[in-house]
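**Student:**
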Amino acid sequence: MSRATAATLRRRLFTIPGRLVHTARRLHLRLPQNWPWADAFLTALTRINALPMRS
Numbered sequence: 299m300s301r302a303t304a305a306t307l308r309r310r311l312f313t314i315p316g317r318l319v320h321t322a323r324r325l326h327l328r329l330p331q332n333w334p335w336a337d338a339f340l341t342a343l344t345r346i347n348a349l350p351m352r353s
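If you're matching positions, the sequence shown starts at 299 in the numbering used here and goes up one per residue.
1) At 3 residues or longer, what runs of the beta strand (DSSP E) sit wholly inside the stretch 316-352?
2) Sorted by chain position, which residues of the same chain lie with C-beta nearer than 8 Å to Arg301's C-beta, five sequence neighbours on each side aside?
3) Report all residues from its chain with a CB closer than 6 Å to the CB of Thr317; omit the five preceding and five following residues, and keep chain order.
4) If distances are taken between C-alpha atoms only, which option among Thr313, Leu325 and Thr303 comes closest to Pro336?
This is the structure:
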């Protein structure tokens, strides 16, 4: 896997063409099905959520 620069991350991941939706008192992120970096973003989000909470 290659390294990404800050500009690449900002352009590909942080400018997400999605929307936050409230459903059953929960937040859901809806991403377009044809967004090329959807899998990478969801993998990163899953890994971040798996990190233990620090107090």
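Each residue gets a CB set at the ideal place from its N, CA and C atoms; glycine is no exception. Model, not experiment: these values are computed from the prediction.
**Tutor:** Inspection of the coordinates gives the following:
1) Qualifying beta strand (DSSP E) stretches, in chain order: 317-321 and 324-328.
2) If the five residues before and after Arg301 are omitted, its C-beta is found closer than 8 Å to no C-beta atom of its own chain.
3) Per the sequence shown, residue 317 should be read as Arg rather than Thr. Only Arg328 meet the Cβ criterion.
4) The sequence given here has Ala at residue 336, not Pro. Comparing alpha-carbon positions, the option among Thr313, Leu325 and Thr303 lying closest to Ala336 turns out to be Thr313.
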